[in-house]
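A.B. asks: Numbering (the UniProt record's numbering), first residue to last: 1 to 389. Mind looking over this structure? Questions follow.
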Amino acid sequence: MIKPHKLVMIPGPTPVVRSIQDQMGRETIAFGDARFIEDFRSVVKDLKELWRCDGQAFVIAGSGTLAMEMAMANISKPGNSVLVCSNGFFGDRYVDICRRRGLQVDVISAPWGKSVTPEDVEGKLSKKKYDIVTATHVETSTGVMAPIAEIGKITKEHDALFVVDGVAATGGAEEYLDTMGIDVLISCSQKAFGVAPGLALLWASKKALDKRKSLGTIVDSYMDFEKWLPVMEDPSKYWGTPPINLIWALKQSLEIIKEEGLEERYARHKKQAAVVDEAVSSMGFSVLADKAFRAPTLAVYLYPEEAGIDDAKFRAIAADEGIYIAGCLGNYAGKGFRMGHMGNIDKHILISAVAAIERTAVRNGIKLELGRALGILQRGLIEESINQI
Ligand SMILES: Cc1ncc(COP(=O)(O)O)c(C=O)c1O
1 MIKPHKLVMI
11 PGPTPVVRSI
21 QDQMGRETIA
31 FGDARFIEDF
41 RSVVKDLKEL
51 WRCDGQAFVI
61 AGSGTLAMEM
71 AMANISKPGN
81 SVLVCSNGFF
91 GDRYVDICRR
101 RGLQVDVISA
111 PWGKSVTPED
121 VEGKLSKKKY
131 DIVTATHVET
141 STGVMAPIAE
151 IGKITKEHDA
161 LFVVDGVAAT
171 GGAEEYLDTM
181 GIDVLISCSQ
191 KAFGVAPGLA
201 LLWASKKALD
211 KRKSLGTIVD
221 SYMDFEKWLP
231 VMEDPSKYWG
241 TPPINLIWAL
251 KQSLEIIKEE
261 GLEERYARHK
271 KQAAVVDEAV
281 SSMGFSVLAD
291 KAFRAPTLAV
301 YLYPEEAGID
311 DAKFRAIAAD
321 EGIYIAGCLG
331 NYAGKGFRMG
341 HMGNIDKHIL
351 ISAVAAIERT
361 AVRNGIKLEL
371 GRALGILQRG
381 LIEESINQI
């Protein structure tokens, strides 16, 4: 029997293209094999150069949350003060991570759908000395993108270290360590890189590496920059076994990114977000994020209130129609769905996704003319001249 294809349109993991899958299916070789060492070296070099990091990029086995912890493990000690800029669920995750490490945490929380502003951050930093400021670049619970460059500038002026959670942004939304004043950027493989889950990615500026050095021995070993630095500088060295096939997969993802061009990739994501929004909104769904903060990588689409949608049923029918979308979190649970459109997404995927949402909407009793939203998407794809990757 043919197994119907299910599109993975949750906000990560994202669709993994064949050339990346092929790397994961390769026969695993020894991590001391010269061929792997060269591949690992090129991955670390590309990450460092593409995201313009004057310190070091780290690639280790783990998920995004490990990278979040790793950032704090290496640049803080108990008693340090941290300002967490939270735009939702994953911003709040940093509060817990910091408190467990004995850090003094203050939080600026934006109402869901909006972002903490540079003025909010200036207000806090001008009244109290903070060692670290954290911000979530794209908040996956709300589809909001924070003004990272502006917050980074203020953080620098007040001489604090700036940690950015780029899990749902890196590789899809503009993000550079140097011009945005980022000291530690954290991310992972399964979102805009379009690789399967399993790699924690982290970039540390020279300033962050110096901070780590000043701390002496830290309690964490697996997450210790000092343990991994020799490996990242020379991958023939050993600290923990590298996830060989995933590193090959990331190498392939970086080849795709370089071929497309980072700036072109950022532009494509913005255009895709705009045309998908227009198509999905035409069915009566509304975007949660304020227009000014709309992320280019994913969206929260709220159900039309009058339609009386049963959330679990809606998403079950969506799965039956061949598309996985995610439920909403926090106060928005049950009120809409979250859809990713980041990474190696092409026109065929977007067309199938919007068509599946149209069928799902009709089967859930939403009154609409089948094909209208798809037509809007098609027109947008042509007018915006969105390139195939
Ligand atoms: C913004 C953000 N930060 C952190 C995480 C945690 O990453 P992981 O689930 O890979 O641990 C996620 C997961 O979706 C996320 O979206």
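No residue lacks a Cβ here, since even glycine has one placed at the ideal position from N, Cα and C. All values reported here derive from a predicted model rather than from experimental measurement.
1. Quick one: is residue 190 buried, meaning 16 or more other Cβ sit within 10 Å of its Cβ, or exposed?
2. According to the neighbour-count rule (16 or more other Cβ atoms, all chains shown, within 10 Å of its Cβ), is residue 390 buried or exposed?
3. According to the Cβ coordinates, are residue 144 and residue 115 closer than 8 angstroms?
4. Quick one, are the C-beta atoms of residue 146 and residue 134 less than 8 angstroms apart?
5. So, for residue 58: in the same chain, excluding its five sequence neighbours on each side, which residues have a beta-carbon less than 6 angstroms away from its beta-carbon?
6. I think residue 299 touches residue 273, with their Cβ atoms under 8 angstroms apart; what is that distance to the nearest whole Å?
7. So, at 8 angstroms on beta carbons, what are the nonlocal neighbours of residue 99 in its own chain, with the 5 sequence-adjacent residues on each side left out?
8. Taking only runs that begin and end inside the region 166-205, name each unbroken alpha helix (DSSP H) of 4 or more residues, in chain order.
9. In the DSSP output, which residue or residues are listed as bridge partners for residue 307?
10. Look up residue 19 in the DSSP assignment and say whether it is helix, strand or coil.
11. How far does the beta strand (DSSP E) with residue 234 in it extend, from its first residue to its last?
12. With DSSP run on the structure shown, which of helix, strand or coil describes residue 359?
13. Measure the alpha-carbon distance for residue 248 versus residue 324 and round it to whole angstroms.
14. Which class does residue 219 belong to by DSSP, given the choice of helix, strand or coil?
15. Measuring straight from C-alpha to C-alpha, what distance separates residue 110 and residue 257?
16. Please find out if some non-hydrogen atom of ligand 1 comes closer than 7 angstroms to the beta-carbon of residue 167.
17. Taking a contact to mean a Cβ-Cβ separation below 8 angstroms, would you say residue 380 touches residue 275 in this structure?
18. For residue 156, I'd like the list of residues in its chain whose CB is within less than 6 angstroms of its CB, leaving aside the five on either flank, ordered along the chain.
19. Around the Cβ of residue 113, are there at least 16 other Cβ atoms within 10 angstroms (buried) or fewer (exposed)?
20. With 16 other CB atoms within 10 Å as the buried threshold, where does residue 219 fall?
21. Tell me where the beta strand (DSSP E) around residue 106 begins and ends.
22. Decide yes or no for the touch test of the region 304-323 against the region 170-180: beta carbon pairs closer than 8 angstroms, at least 3 of them.
23. Taking the C-alpha atoms as reference points, what is the distance between residue 333 and residue 378?
24. By alpha-carbon positions, which one of 30, 270, 362 ends up nearest to residue 291?
25. Here's the rule: buried if 16 or more other CB atoms are within 10 angstroms of the residue's CB, otherwise exposed. What is residue 348?
26. According to DSSP, is residue 145 part of a helix, a strand, or is it coil?
27. Go through the region 47-118 residue by residue and report every complete run of the alpha helix (DSSP H) that reaches 4 residues or more, in order.
28. Is DSSP giving residue 155 helix, strand or coil here?
29. Just checking my contact of residue 164 with residue 148 at CB under 8 angstroms: how many whole Å lie between their CB atoms?
30. Counting Cβ pairs, one atom from each stretch, are 3 or more of them under 8 angstroms apart for the region 205-218 and the region 41-52?
31. Sort 352, 85, 131, 41 by Cα distance to residue 103 and report the nearest one.
32. With DSSP as the reference, label residue 332 as helix, strand or coil.
33. What I want to know is whether the C-beta of residue 68 ends up closer than 7 angstroms to one or more non-hydrogen atoms of ligand 1.
34. So what's residue 266 in DSSP terms, helix, strand or just coil?
35. First and last residue of the beta strand (DSSP E) that includes residue 250?
36. Spatial neighbours of residue 359 within its chain, please: CB distance less than 7 angstroms, with the 5 preceding and 5 following residues excluded, ordered by chain position.
C.D. replies: Short version:
1. Residue mapping note: residue 190 aligns to position 190 of the sequence shown, counting from 1. Counting of Cβ neighbours within 10 angstroms places residue 190 among the buried residues, the total reaching 16 or more.
2. No statement about residue 390 is possible, as the shown extent of the chain runs from 1 to 389 and does not include it.
3. For the purposes of this step, residue 144 is taken as the residue at position 144 of the sequence shown. For the purposes of this step, residue 115 is taken as the residue at position 115 of the sequence shown. Yes, these two residues count as a Cβ contact at 8 angstroms.
4. One-based indexing of the sequence shown puts residue 146 at position 146. One-based indexing of the sequence shown puts residue 134 at position 134. Against a cut-off of 8 angstroms, the Cβ pair of residue 134 and residue 146 comes out as no contact.
5. Here residue 58 corresponds to residue number 58 of the sequence shown, with the count starting at 1. In its chain, beyond the 5 residues on either side, 202, 228, 232 have a beta carbon closer than 6 angstroms to the beta carbon of residue 58.
6. In the sequence shown, the residue the question calls residue 299 occupies position 299. In the sequence shown, the residue the question calls residue 273 occupies position 273. With a Cβ gap of about 7 angstroms, residue 299 and residue 273 count as contacting.
7. Within the sequence shown, the letter at position 99 stands for residue 99. Only 105 meet the Cβ criterion.
8. 177-180
9. Indexing the sequence shown from 1 puts residue 307 at position 307. Beta-bridge pairing links residue 307 to no other residue.
10. For the purposes of this step, residue 19 is taken as residue 19 along the sequence shown, with counting starting at 1. Correct three-state label for residue 19: helix.
11. Counting from 1 along the sequence shown, the entry for residue 234 is found at position 234. Run containing residue 234: none; DSSP gives neither H nor E here.
12. Reading the sequence shown from its first residue, position 359 is the one you call residue 359. Note: residue 359 maps to helix in three-state DSSP.
13. Mapped onto the sequence shown, residue 248 falls at position 248. Mapped onto the sequence shown, residue 324 falls at position 324. Roughly 27 angstroms separates the two Cα atoms.
14. By one-based count along the sequence shown, residue 219 stands at place 219. Note: residue 219 maps to coil in three-state DSSP.
15. The residue given as residue 110 occupies position 110 in the sequence shown. The residue given as residue 257 occupies position 257 in the sequence shown. So the two alpha carbons sit approximately 32 angstroms from each other.
16. Taking the sequence shown and counting its residues from 1, the one referred to as residue 167 is at position 167. In terms of side-chain proximity, the C-beta atom of residue 167 is found nearer than 7 angstroms to a non-hydrogen atom of ligand 1.
17. Numbered from its first residue, the sequence shown carries residue 380 at position 380. Numbered from its first residue, the sequence shown carries residue 275 at position 275. Taking 8 angstroms as the Cβ cut-off, residue 380 and residue 275 qualify as a contacting pair.
18. Taking the first residue of the sequence shown as position 1, residue 156 is located at position 156. Only 181 meet the Cβ criterion.
19. Mapped onto the sequence shown, residue 113 falls at position 113. Buried.
20. To locate residue 219, count along the sequence shown from 1; it is residue 219. Exposed.
21. Reading the sequence shown from its first residue, position 106 is the one you call residue 106. Segment 104-109, the beta strand (DSSP E) holding residue 106.
22. no
23. Your numbering for residue 333 matches position 333 in the sequence shown. Your numbering for residue 378 matches position 378 in the sequence shown. Cα to Cα, the separation comes out at about 31 angstroms.
24. Here residue 291 corresponds to residue number 291 of the sequence shown, with the count starting at 1. For the residues 30, 270, 362, the minimum Cα distance to residue 291 belongs to 270.
25. Locating residue 348 in the sequence shown gives position 348, counting from the first residue. The residue in question, residue 348, is exposed, as its Cβ has fewer than 16 Cβ neighbours within 10 Å.
26. Residue 145 sits at position 145 when you count from the first residue of the sequence shown. Residue state, collapsed to three classes: strand.
27. 64-75, 89-100
28. What you label residue 155 is simply residue 155 of the sequence shown in a count that begins at 1. Reduced to three states, the DSSP call for residue 155 is helix.
29. Numbered from 1 along the sequence shown, position 164 holds the residue referred to as residue 164. Numbered from 1 along the sequence shown, position 148 holds the residue referred to as residue 148. Between residue 148 and residue 164 the Cβ distance is about 6 angstroms, and since that is below 8 angstroms, they are a contact.
30. no
31. For the purposes of this step, residue 103 is taken as the residue at position 103 of the sequence shown. Just measuring C-alpha positions, the residue of 352, 85, 131, 41 sitting nearest residue 103 is 131.
32. Locating residue 332 in the sequence shown gives position 332, where the first residue counts as 1. Reduced to three states, the DSSP call for residue 332 is helix.
33. Sequence index remark: in the sequence shown, residue 68 carries index 68 (1-based). Under cutoff, so the answer is yes.
34. By one-based count along the sequence shown, residue 266 stands at place 266. In this structure, residue 266 counts as helix in the three-state DSSP scheme.
35. Against the sequence shown, residue 250 aligns to sequence position 250. Element bounds for residue 250: not the beta strand (DSSP E) but the alpha helix (DSSP H), 244-260.
36. Counting from 1 along the sequence shown, the entry for residue 359 is found at position 359. If we look at residue 359 and ignore the five residues flanking it on each side, its Cβ neighbours are 321.
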